[in-house]
Every structure is written in structure tokens, then in C-alpha cells.
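Line by line, the protein sequences are chains H and V.
Take the position in the first sequence, starting the count at 1, then add 136; the result is the number in our numbering.
Take the position in the second sequence, starting the count at 1, then add 136; the result is the number in our numbering.
Cβ atoms here follow ideal geometry from the backbone N, Cα and C, with glycine treated the same way.
This report concerns only the one structure given below.
Protein chains: 2
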Amino acid sequence: MRRIKLTVAYDGTAYCGWQIQPNGITVEEVLNRALSRLTGEEIHVTGASRTDAGVHARGNVAVFDTASAIPSERLAYAVNPFLPEDIVVVKSEEVPAEWHPRYQNSVKTYEYHILNREMPDPLRRRDSWHVSFPLDLDKMRAAAVHLVGEHDFRSFCSIHTGAKTTVRTICSLDIEKSEDLITIRISGNGFLYNMVRIIAGTLTEVGRGFRTPEEVNDILDAGARKQAGATAPPQGLVLAGIEYEQ
Amino acid sequence: MRRIKLTVAYDGTAYCGWQIQPNGITVEEVLNRALSRLTGEEIHVTGASRTDAGVHARGNVAVFDTASAIPSERLAYAVNPFLPEDIVVVKSEEVPAEWHPRYQNSVKTYEYHILNREMPDPLRRRDSWHVSFPLDLDKMRAAAVHLVGEHDFRSFCSIHTGAKTTVRTICSLDIEKSEDLITIRISGNGFLYNMVRIIAGTLTEVGRGFRTPEEVNDILDAGARKQAGATAPPQGLVLAGIEYEQ
């Protein structure tokens, strides 16, 4: 048996998120089915990040164990014909048998895309949040500074969370604009449930002038979800990648 | 009665092109229906560019006549709620009663997007052509130079064309790359049937090394469709905009 690490990209539009659930089709389920058909084994992958319904990925990570004779690096090429076109395994490689995608240090990078113009763009409707009001990027950047570093992000976490601690470290939080598209890029050692979307929603309220950049400190201090801004919609979010410590 | 010019954006994935036809739903038909519902009149738009099935637009142009009391500039906002989310009227304005979107000088700009990396990207599958082989951009640019200016583009035109002359002028043809995405941007005073897609397909064959940049001259001289490259697939093409002379 070998343990294989997969890097997985998907358009989350059609899926009820990553994790298998009774009420709809998920990325994990489709991946299990494709790998099982390919190998003739009963495959159950273990994912790094349980992305929400409608959220995308360019680099989610999953592992599975197999006795298949297919060379590790070729598994990506071999499984893609068994997958629908909205899920692609972009890389496969062998890892040690004890390697687990969630139980070791990593830095995850998410991107949140905001289309900031008056009219929607039908070609960006599936991978961005359309905000028709002007956003002040300088204010958003000033607010973002307060979020970088180690903080208790309890205010930026949906109440359904089961996390033991709500302390997380954001390594970087950059906001760029290219034509009409704003990209909020956040890297950190872990994210609470809905954390990136609540940060995106809060920064957008700062950008509209509903809150000052300094209020972000008060929100952090309050430790209460209702102090932060609205949860930005899922289609703007993409899990860009996960870097593991060697 | 006023004549209204609309600037129309659409994701062409779900449509059998712009022009009304018996065998499938088209952008023109959906737009007619929405405008008719909005105004209570029987509206038939006249489009500038009859984009093919699966081709997108950020700035196609259409006109229609109406006695509606809705202010010209507000019509875009008023009609969008009657449209599906893959079609958006981004602008509306009054034009003279004799103004016709096809019978006057204009410069059209098309973009053709190629995702040039080994693995496909599920988030770009609807608006780019995935080419997994390395492409030499310098060679593609060297080939593109030969296409700029006034030429007989008979070789770059599908045989089904009904055009009186196959002479056209390409004002500019730029090729840019941003990360994995190559954008071929072509502006000209008019394009023959499938012309941009055949140019994109031919430049890609040059980029792969199957043809030299100089062969583009021979293709132009031959005046025969079979001398040019394959027609690139529709989903990579977007009509970026149309500029009319004042």
C-alpha cells in the first residue's frame, strides 16, 4: 500500500461543498467514486479543507491509500478521465504512510474575488461577488493590517464552529485590484468556519464607509460574531493552495 | 418612437449563438422576450455581431425602437431583472433613428483566451481553450505581425461565408500572457465567419512549432481555407467591444 497525496482543483458551483453529506452531491464523493473506478479498490479520500457549498479550489489537498500499480505521479492523469470537467486532479505524489493533510503545520492561501463595478459581468458571476457600490481600497487595506498576526478570531467565525480554540495566525492579507476585479488574498495557519468570508464581508463594509478601519480592532476585542460584518457569498471564494512544512 | 442602443454582455455557454434559429435558444431571442415583457411592445433587436454558439461577449451591441416612457439610460437597469443571469445589458442610450449597428464604420475587438498549462483549470473551462503543450509566444507574435493591416483573409474564413469581399483590415493583434493565460487581442474593421478562431488556431500551431511565423504569409497568399490552421473552439472567444465612429 502507498499513500498518495492529490492536489485537487474544482469549480464548486454544482457541489454541496467538499465533505460527503446525505442531501446533495459533494466533491469528496465524486472523487471517491472516480478513484474507486480507476483502481478497482474502495477508496475514501481524506481532505485537507472542507470547503463550503459553492466555494472553489485551485489547490485543495487529499490523501488516500492504494495498492494500485499505477505510478504515483501518473495517478492524476489516470483519474481525470473518470472525473466530470468541473473537478481536476492537478498533481499526485507519494507521501509517507503516516502523512495526514490536516494534522501537520501548513499555510493555506485563500482568495476572495469581488467584481466592483455598477453592472454585473455574466462571465464572472460564478467566481466573484458583485458589489456595485464603490469600494475604497485604501481603507480596506488599512483595516486588513489589524487582522494580520496572531489573534482570537472568535468574532470572525460562524457560531456553528466546533473548533477547540479560535486563535489563528494570519501571515499575510493583501488586497489587489486589476480592472474591475478586487482580490483579497489571505494566508494563514488555519481558518475557522466561514472566517475568510466574514473577513471579506467586513472589509467590504469598511470599503463602503460603513465602518472605519480601526473598528476592526474593536470587532476582534469583542469576541462576538454579531460585531463583524456579513458573511460574503461563497462563489467569490477559492482555496488557492496549501503549503506544508517539510 | 426612440431608437435605443444596448451594450450587451453574455456568457455564451448555454446559447446557440446570438442569432435566432429554430433549433435552440439564442441570446437575441432571450433579449427580445425580456424587452417585450418590459415594454409591453413586440421588440425585435438588431445586433451588431452574430456571435457563434458558445462564444461570449462583454460588449456586443444591439438596437431597437420603442415608445416606452422609460428614460433611455435607465432601460439597462429596467430590463436586467427580466434577463437570466448569463445575459446582462450593461448600457443603454438613445441614438438617431437611422443609426444601424452594422451599417457604419466601427472597430471590433475580440479576445481569444488560451489556458496554456499541462492540466486543465475547472474554473477557466468555460472561457478558455486548454492547450497543454508549451507555446512559444515570440513565434506567435512574429506570426501575428504578418496579419496586421489590410489583407484578403479568404484563407481565414469558413467556406460557409456569404461575405461579398474577404478583404479586411486588422488594426492591432497583441498577444499577452498573465500566469498561465494567453490572451490574443484582435481589433479590426470587420471579421469574416470564424476568422478570429481560425487566426487563434493558426497562431497556436505556430506556437507549437508546427509552422513557422513566415508561413502565415503563404497562407494569406494561398486564399484557401485548408492552408490555415484548425478553428479554435468557441469558448475561448469573447467579443470585447465595438467602437463606432462618431
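Please check if any C-beta of chain V sits within less than 8 Å of the C-beta of residue i.
i	result
valine 267 (chain H)	no
histidine 383 (chain H)	Residue 383 (chain H) lies beyond the stretch modelled for chain H, which goes from 137 to 382, so this question has no answer here.
arginine 169 (chain H)	no
tyrosine 146 (chain H)	yes
aspartate 357 (chain H)	no
histidine 236 (chain H)	no
histidine 192 (chain H)	yes
When you compare only the Cα positions, how much space is there between residue i and residue j?
i	j	result
isoleucine 311 (chain V)	tyrosine 239 (chain H)	44 Å
histidine 287 (chain V)	alanine 193 (chain H)	45 Å
proline 158 (chain H)	glutamate 165 (chain H)	11 Å
glycine 343 (chain V)	glycine 372 (chain V)	17 Å
alanine 205 (chain V)	tryptophan 235 (chain V)	20 Å
arginine 253 (chain H)	asparagine 216 (chain V)	15 Å
isoleucine 322 (chain V)	leucine 283 (chain V)	10 Å
serine 264 (chain V)	aspartate 354 (chain H)	44 Å
valine 129 (chain V)	alanine 279 (chain V)	There is no way to answer for residue 129 (chain V), as the model of chain V reaches only from 137 to 382.
histidine 180 (chain V)	alanine 203 (chain V)	13 Å
arginine 138 (chain H)	proline 232 (chain H)	8 Å
cysteine 307 (chain V)	leucine 317 (chain V)	23 Å
threonine 348 (chain V)	phenylalanine 218 (chain H)	37 Å
histidine 266 (chain V)	lysine 300 (chain H)	43 Å
proline 369 (chain H)	glycine 345 (chain H)	20 Å
alanine 336 (chain V)	isoleucine 295 (chain H)	51 Å
glycine 176 (chain H)	threonine 175 (chain V)	60 Å
proline 237 (chain V)	threonine 187 (chain V)	14 Å
asparagine 168 (chain H)	valine 199 (chain H)	11 Å
arginine 173 (chain H)	aspartate 201 (chain V)	57 Å
isoleucine 156 (chain V)	arginine 262 (chain V)	22 Å
isoleucine 334 (chain H)	lysine 275 (chain V)	46 Å
isoleucine 161 (chain V)	alanine 170 (chain V)	14 Å
glutamate 341 (chain H)	glutamate 315 (chain H)	21 Å
leucine 356 (chain H)	arginine 277 (chain H)	16 Å
isoleucine 378 (chain H)	threonine 143 (chain H)	9 Å
leucine 309 (chain V)	glutamate 350 (chain H)	47 Å
Below 8 Å on the Cβ atoms is my guess for residue i versus residue j; work out the distance and round it to an integer in Å.
i	j	result
proline 258 (chain H)	glutamate 221 (chain V)	7 Å
threonine 302 (chain V)	leucine 328 (chain V)	6 Å
serine 208 (chain H)	glutamate 229 (chain H)	6 Å
valine 163 (chain V)	glutamate 247 (chain V)	Actually they do not touch by this definition, with Cβ atoms about 18 Å apart.
valine 197 (chain V)	alanine 145 (chain V)	Between alanine 145 (chain V) and valine 197 (chain V) the Cβ distance is about 11 Å, and since that is not below 8 Å, they are no contact.
leucine 251 (chain H)	arginine 260 (chain H)	5 Å
threonine 367 (chain H)	asparagine 325 (chain H)	Actually they do not touch by this definition, with Cβ atoms about 22 Å apart.
lysine 244 (chain V)	serine 185 (chain V)	7 Å
alanine 376 (chain V)	glycine 195 (chain V)	6 Å
tryptophan 154 (chain V)	glycine 190 (chain V)	Between glycine 190 (chain V) and tryptophan 154 (chain V) the Cβ distance is about 11 Å, and since that is not below 8 Å, they are no contact.
threonine 319 (chain V)	histidine 249 (chain V)	6 Å
proline 256 (chain H)	valine 224 (chain V)	5 Å
Would you say residue i faces chain H, with C-beta separation under 8 Å as the test?
i	result
isoleucine 223 (chain V)	yes
arginine 321 (chain V)	no
arginine 80 (chain V)	What is shown of chain V runs 137 to 382, which leaves residue 80 (chain V) out entirely.
arginine 261 (chain V)	yes
proline 256 (chain V)	yes
valine 226 (chain V)	yes
Looking only at DSSP bridge pairs, what is residue i linked to?
i	result
asparagine 196 (chain H)	H:Val144
glutamine 157 (chain V)	V:Gly160
glutamate 229 (chain H)	H:Lys141
glycine 285 (chain V)	V:Ile306
glycine 183 (chain V)	V:Ala198
arginine 260 (chain H)	Arginine 260 (chain H) pairs with nothing; no bridge assigned.
valine 267 (chain H)	H:Asn252
leucine 211 (chain H)	BP columns for leucine 211 (chain H) are empty, so no partner.
lysine 300 (chain V)	DSSP lists no partner for lysine 300 (chain V).
lysine 244 (chain V)	V:Gly324 and V:Ile378
valine 224 (chain H)	H:Ala145
isoleucine 311 (chain V)	V:Ile320
leucine 174 (chain V)	Paired residue(s): none; leucine 174 (chain V) is not in a bridge.
leucine 373 (chain V)	V:Tyr248
- Task: Please confirm if the region 356-364 of chain V is in contact with the region 284-298 of chain V, defined as three or more CB-CB distances below 8 Å between the two stretches.
- Result: yes
- Query: Three or more beta-carbon pairs under 8 Å between the region 147-162 of chain H and the region 200-215 of chain H, yes or no?
  - Reply: no
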